[in-house]
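Undergrad:
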Ligand code: PLP
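Numbering (the UniProt record's numbering), first residue to last: 5 to 430.
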């Protein structure tokens with residue numbers, strides 16, 4: 005088979021030439037002594053400047069009903085602000101609470117409250133269960149995993165599909181194992197792969213039978229209004245669907261303005277069924293006399309209404325969409341005609357997921373680090389920091405300025421070419 009053999013040699017030669025080119029490019033990259041950071045899924049200073057108006061509170065520090073917001077009280081949060089976010093988070097305003105600045109804090113507290121006192125429908129406190137397990141769609145958000153690790157919750161990975169978590173796997177696991185008490189969901193523009201849950205996925209999550217009577221969906225809608233495409237994604241209303249299916253208390257909804265106004269000084273939200281909200285407040289009333297309502301008022305005066313929120317997010321998109329496009333353009337130019345990597349083109353959210361050949365992600369990240377380009381550690385997108393296939397790299401394009409981003413992504417592509425061609429040749 006002279007032809008076949010001939011082709012094989014040619015392919016190998018081509019790969020070797022590619023590797024040698026990548027080696028040279030990598031040496032040049034290291035010689036530049038860069039210091040760039042692609043780890044930070046946070047707004048750039050330009051984005052934060054969009055909300056500078058927040059710092060000037062116009063008008064008296066009073067709520068619409070005349071309450072003096074400088075004083076104690078108002079545990080549920082400012083009604084006007086809850087009304088603004090009701091539509092985006094798909095929670096009736098009466099069942100939506102406005103709290104401090106961090107939704108992660110609320111997710112943490114939800115777990116701790118469930119550990120220490122029975123959630124509605126529970127036979128006992130989670131702390132009294134022999135084992136608690138959460139389903140973790142992968143790739144996912146490392147801080148969700150951090151909460152589980154902190155409280156000894158077993159994490160069970162479930163594969164993501166373009167429609168959300170693999171629902172056959174989810175339904176099987178929750179039906180057979182009463183230790184499975186929860187699932188982490190980022191239903192819109194998921195972190196990191198930008199998946200939008202399909203209506204069918206949401207319906208199945210709302211309707212499925214669970215062995216645990218106190219199963220909870222942690223619905224972290226962190227990117228509810230963070231659109232990049234012209235057509236905003238819509239997801240089905242999980243609270244309503246759960247109630248329709250006889251599981252009204254199944255869902256805890258979380259969200260925040262961290263990537264809308266100020267990441268360190270925004271407002272976080274908790275929404276759920278009336279019974280869950282009462283349960284939640286019975287705990288938070290012991291912890292605080294009320295949230296920072298002046299900051300909440302600033303948000304009301306700045307955003308004004310749901311329309312104002314949409315307009316504000318359009319300004320964010322105008323700043324960050326070019327950065328996502330730039331990453332896509334560079335990856336296409338550097339890797340597009342190779343089969344060494346694939347990547348997402350999300351319609352919203354904060355991340356691009358770069359998928360490299362199996363067994364290469366850790367080494368790509370290490371090589372990038374040695375060249376002065378910091379990336380999120382490989383494996384961070386999986387429970388216990390361990391991705392058996394070792395192929396997922398999370399890119400956070402929002403923070404660097406375009407010139408830095410260009411250099412960093414070009415450098416990253418060089419690392420991918422080097423590591424992946426080496427792997428193929430060995
Ligand atoms: N949830 C997801 C999915 C996130 O990606 C992030 C931040 O990156 C957060 C929550 C953090 O939210 P917060 O700033 O409200 O604590």
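Just so it is clear, CB atoms sit at the ideal spot from N, CA and C, and this is done for glycine as well.
1. By the 10 Å Cβ neighbour count, where 16 or more other Cβ atoms means buried, how is residue 299 classified, buried or exposed?
2. Say whether the stretch 382–396 touches the stretch 141–151, bearing in mind that this needs 3 or more beta-carbon pairs closer than 8 Å, one atom from each stretch.
3. Around the C-beta of residue 5, are 16 or more other C-beta atoms found within 10 angstroms, so that it is buried, or is it exposed?
4. Are residue 195 and residue 355 closer than 7 Å when you measure CB to CB?
5. Does any heavy atom of the ligand PLP sit closer than 6 Å to the C-beta of residue 346?
6. Mind checking who residue 283 pairs with in its DSSP beta bridge?
7. Is residue 219 helix, strand or coil when you go by DSSP?
8. Is any non-hydrogen atom of the ligand PLP found closer than 6 Å to the C-beta of residue 272, if you look at the structure I gave you?
9. Which full runs of the beta strand (DSSP E) of 3+ residues lie inside the stretch 354–404, going along the chain?
10. What did DSSP end up calling residue 159 once you bin it into helix, strand or coil?
11. How big is the Cα-Cα spacing for residue 402 and residue 110?
12. Given this structure, state the Cα-to-Cα distance separating residue 220 from residue 210, to the nearest angstrom.
13. Quick check: what's the CA-CA separation for residue 80 versus residue 408?
14. Quick check on the burial criterion: 16 or more other C-beta atoms within 10 angstroms. Buried or exposed for residue 205?
15. If you scan the stretch 207–276 from start to end, which runs of the beta strand (DSSP E) of 3 or more residues do you find wholly inside it?
16. Under DSSP, the alpha helix (DSSP H) around residue 310 begins and ends at which residues?
17. For residue 198, collect the residues of the same chain with a Cβ closer than 6 Å to its Cβ; drop the 5 residues on either side in sequence, then sort them by chain order.
18. Please determine whether the Cβ atom of residue 80 lies at a distance below 6 Å from any heavy atom of the ligand PLP.
TA: In short, the structure shows the following:
1. buried
2. yes
3. Residue confidence is low: residue 5 scores 36 on pLDDT, short of 50, so the model does not pin down where it sits. No coordinate-derived value is stated.
4. yes
5. no
6. Per DSSP, none; premise fails for residue 283.
7. Note: residue 219 maps to coil in three-state DSSP.
8. yes
9. 356–359, 396–399
10. strand
11. Answer to the nearest angstrom: the Cα atoms are 25 Å apart.
12. 10 Å
13. The alpha-carbon atoms of residue 80 and residue 408 are separated by roughly 43 Å.
14. Buried, by the Cβ-count rule.
15. 220–224, 255–260, 272–275
16. 310–339
17. 348, 350, 353
18. no
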